[in-house]
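In our numbering, the protein residues as written are 11 to 607. For every residue, glycine included, the Cβ atom is placed at its ideal position computed from N, Cα and C. Below is one structure, written out as structure tokens; the observations come after it.
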Amino acid sequence: MKFANSILERLFGTKQENDISSSGGELQNPEQMANGELNGEDKEVEDSRAFVPVNQLILPEDHALNQLFQLRREQAGELPYPELLLEGYENMPLEELGRELDRLDAELTSIAVSRLKEAAPPPVLPEETDGVEEEKRMDGEEPEEPEEIPEPELDALPVVFVAGDKMRAWIMVFPPVGQGREADEEMLEKALKEKGVAFGVKEEGLKEFLKRPERYFRLFQAAEGREVVQGKDGYIVDFFSRIDKRQIEVDEFDRVDYTSLNLVQSAAEGDVICEAVPPTNAVPGRTVLDKEIPGRDGKAAALPKGRNTEISEDGSKLLASTSGRVEFSGRSFQIKSMLDVEGNVDYSTGNINFLGDVHIRGDVCSGFSVRSVGNITVDGVVEAGTVEAGGDLIVAKGIVGNKETIVRSHHNIYTKYLDNGIVHVRENLYTDSILHSEVYCDGEIQVISGRGTIVGGTVRAAKGINAKVVGNRSESTTNVMLGGQPCADFERELLLKNIADLEEEMETLERQPESPARTKRMNKVRLDLSVDKMKLGQFNKDMEKAEKKQEVLGKSRLKCGIAYPGTVLTIGEETLHLTQETSSCDGRLVNGEIRLL
Numbered sequence: 011m012k013f014a015n016s017i018l019e020r021l022f023g024t025k026q027e028n029d030i031s032s033s034g035g036e037l038q039n040p041e042q043m044a045n046g047e048l049n050g051e052d053k054e055v056e057d058s059r060a061f062v063p064v065n066q067l068i069l070p071e072d073h074a075l076n077q078l079f080q081l082r083r084e085q086a087g088e089l090p091y092p093e094l095l096l097e098g099y100e101n102m103p104l105e106e107l108g109r110e111l112d113r114l115d116a117e118l119t120s121i122a123v124s125r126l127k128e129a130a131p132p133p134v135l136p137e138e139t140d141g142v143e144e145e146k147r148m149d150g151e152e153p154e155e156p157e158e159i160p161e162p163e164l165d166a167l168p169v170v171f172v173a174g175d176k177m178r179a180w181i182m183v184f185p186p187v188g189q190g191r192e193a194d195e196e197m198l199e200k201a202l203k204e205k206g207v208a209f210g211v212k213e214e215g216l217k218e219f220l221k222r223p224e225r226y227f228r229l230f231q232a233a234e235g236r237e238v239v240q241g242k243d244g245y246i247v248d249f250f251s252r253i254d255k256r257q258i259e260v261d262e263f264d265r266v267d268y269t270s271l272n273l274v275q276s277a278a279e280g281d282v283i284c285e286a287v288p289p290t291n292a293v294p295g296r297t298v299l300d301k302e303i304p305g306r307d308g309k310a311a312a313l314p315k316g317r318n319t320e321i322s323e324d325g326s327k328l329l330a331s332t333s334g335r336v337e338f339s340g341r342s343f344q345i346k347s348m349l350d351v352e353g354n355v356d357y358s359t360g361n362i363n364f365l366g367d368v369h370i371r372g373d374v375c376s377g378f379s380v381r382s383v384g385n386i387t388v389d390g391v392v393e394a395g396t397v398e399a400g401g402d403l404i405v406a407k408g409i410v411g412n413k414e415t416i417v418r419s420h421h422n423i424y425t426k427y428l429d430n431g432i433v434h435v436r437e438n439l440y441t442d443s444i445l446h447s448e449v450y451c452d453g454e455i456q457v458i459s460g461r462g463t464i465v466g467g468t469v470r471a472a473k474g475i476n477a478k479v480v481g482n483r484s485e486s487t488t489n490v491m492l493g494g495q496p497c498a499d500f501e502r503e504l505l506l507k508n509i510a511d512l513e514e515e516m517e518t519l520e521r522q523p524e525s526p527a528r529t530k531r532m533n534k535v536r537l538d539l540s541v542d543k544m545k546l547g548q549f550n551k552d553m554e555k556a557e558k559k560q561e562v563l564g565k566s567r568l569k570c571g572i573a574y575p576g577t578v579l580t581i582g583e584e585t586l587h588l589t590q591e592t593s594s595c596d597g598r599l600v601n602g603e604i605r606l607l
């Protein structure tokens, strides 16, 4: 191999000892770097390369590219180590990145091996010529001088590598050999054109790249495609809330403004309920090979059209087609009719039976009734009358009566106070005070704002009662009953009372003399009595089923700041009479016994 080495010396200059020492000697491979097998300046130089990015290709020591680099370094002196970094792929999944690096390795290996053969052609070995020269000497002829092998001259060679997804292209330039031409713009343009790279070429970056001392044996990102911008789906902007939120807010004076609980969302005809923001179209991408990448356009959002609503002419808005209360049913907005009574419910209006929501700006006067399948809002008071709401009942100033005021709600009741009334609520009751009233509640009773007192009467709650004060210093009898089915018991009591009244009327009619009026009335009473007894039988069955599903009584509790003597606490079948004042009372059923913890 001495002959071959002489050719390399002529091509790249004589290898002096000082050159070897200055360049760090033989090229070290990455394994030697990792194992610390470096000496002198090589170790200092390569210490900075201890961290190898995941997107960098590392070639073995005897790789053709590394051999070419070694030859170039012997010719040009100190050079930066080859850096084959796929810029822009730092965050690519490792499996995909591995495939890209394998492709790069295969492509560079093929070109480097071919170029190494051109830069250092295999010499004619001495043993192949010894026989010819010896024969010439025997014939008395002078042996021919060995033919001088011309120095190879190779121009710089740009190599373009296109990513698998065609979104990036890199360029690496092999240096010239001998008197070959240095890399220039024309070479790079030609290489890119041959690879079909025609979009996103970084022309200014390539010009700057050619001026760098380390322009050889380094990957430079020469072109970058344009990513697809997917279209965004349209969406709905609501101008009315989809959820009714009624939250009890206590001010700094421990008061609740029950008028602020009126969260009825009213809309006039033509009001915009919600608006559809249109989707956006996709912006197509483009590869470095100038091929378009189609994108997905966004989907339009459907307006939640419901009863008494209409879509605007341009299709972007949902409008109220009539005035009323806005409500979201779970799938669509709808406008429910709402009765707005400007004053009191009295002789000027008569009794009210309405299928929608009712808003009374004044009071419900004694002797009148208001029934609605929706919510009822009363800005004033409810006097001795009847109010029944299929939804929530909000009474801003309070409920007052003479044991004839019957108030029912199939959801919640919010009222300033309750005085001498009968209240039947399927869910929860929120108030500042309950005085000498009968309350039946299937949920919780919260009396923690304002005075927060429960005095006199009977208060029943299935899930629990929370109050500041129960009873008073004069030891008024206050019955507190927890658990069970208070509303069902109340309905059953009413049904039994109605049956008893009908039976009594029937006995009275039977003692009367025969007449067409008596016969007609008896038929009517018999029919009503038969229907009520059937209802009672079905009601008893339903109550038995509900009792099996109801919560454990131990979860029902009475919580209050002070409980005065005269308070009678009943949980299930157990009863406790308080004989002394109790603070921070937490009454519950423990092991079949009521305890005040």
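Asked, Found
"ASN422 burial status per 10 Å Cβ neighbour count (16 or more: buried)", "buried"
"Own chain partners of ILE246 with C-beta closer than 8 Å, once the 5 adjacent residues on each side are dropped", "CYS284, GLU285, ALA286, VAL287, ALA311, LEU313 and PRO314"
"Assigned secondary structure, LEU37 (DSSP; H/G/I helix, E/B strand, else coil)", "Confidence in LEU37 is poor, its pLDDT being 39 and thus under 50, which makes the residue's placement too unreliable to answer from."
"Closest Cα partner of THR290 within the set ASP307, VAL397 and ASP300", "ASP307"
"Simplified DSSP assignment, three categories, for ASN361", "coil"
"Residues of its chain near THR319, where Cβ-Cβ distance is below 8 Å and the 5 sequence neighbours each way are ignored", "ILE283, LEU328, LEU329, ALA330, SER331, SER342, PHE343, GLN344 and ILE345"
"Alpha helix (DSSP H) segment containing GLU204, residue limits", "195-204"
"Sufficient close CB pairs (3 or more, under 8 Å) joining the region 587-601 to the region 501-509", "no"
"Selected residue, minimal CA-CA separation from GLU192, among VAL183, THR518 and TYR91", "VAL183"
"Distance, VAL392 Cα to THR359 Cα", "15 Å"
"Per-residue DSSP class, three states only, for LEU299", "coil"
"Given GLY206 as reference, the closest of LYS301, GLN240, LYS407 and GLY316 once Cα atoms are compared", "LYS301"
"One or two residues paired with ASP596 in a DSSP bridge", "LYS569"
"The region 120-129 / the region 84-101 touching (three or more Cβ pairs under 8 Å)", "no"
"CB contact below 9 Å: LYS530 versus chain C", "As a matter of chain content, chain C is missing from the structure shown, which is built from one protein chain."
"Spatial distance of THR577 from ASP542 (CA atoms)", "36 Å"
"Residue environment, MET348, which counts as buried when at least 16 other CB atoms sit within 10 Å", "buried"
"Local conformation of MET102 per DSSP, three classes", "coil"
"Exposure of VAL64, with buried meaning 16 or more beta-carbon neighbours within 10 Å", "exposed"
"Straight-line gap, LYS426 to PHE378 (C-alpha atoms, nearest Å)", "21 Å"
"Length at least 4, wholly inside the region 440-490: the alpha helix (DSSP H) runs in chain order", "none"
"For ALA330, the residue or residues it bridges with in DSSP", "THR319"
"GLN77 - containing alpha helix (DSSP H), residue span", "74-86"
"Anticipated Cβ contact below 8 Å, ARG178 with GLN240, distance rounded", "In fact, because the Cβ distance is near 20 Å, the residues do not count as touching under 8 Å."
"Helix, strand or coil at LEU48 according to DSSP, with G and I counted as helix", "In this prediction, LEU48 has a pLDDT of 45, which is less than 50 and means its spatial position is unreliable; what the coordinates show is noted afterwards. Three-state DSSP puts LEU48 in coil, outside helix and strand."
"Own chain, CB closer than 6 Å to ALA44, minus 5 neighbours either side, in chain order", "In this prediction, ALA44 scores a pLDDT of 38, lower than 50, which makes its location untrustworthy; no coordinate-derived value is stated."
"For GLY602 and GLN456, the rounded distance between their alpha carbons", "25 Å"
"Segments of 3+ residues assigned as beta strand (DSSP E) that fall wholly inside the region 162-241", "167-172, 178-184 and 230-234"
"SER486 to LEU606 span [Cα, whole Å]", "20 Å"
"C-beta atoms of LEU104 and TRP180 nearer than 9 Å", "no"
"Beta-carbon spacing of GLY467, ASP442 below 9 Å", "no"
"Cα-Cα separation between ASP538 and GLY325, rounded to whole angstroms", "54 Å"
"Expected contact under 8 Å - CB spacing of LYS212 and ALA233 to nearest Å", "6 Å"
"Through-space distance from GLN275 to ALA573, alpha-carbon basis", "41 Å"
"Rounded straight-line distance, which links the Cα of ARG252 to that of ASP281", "16 Å"
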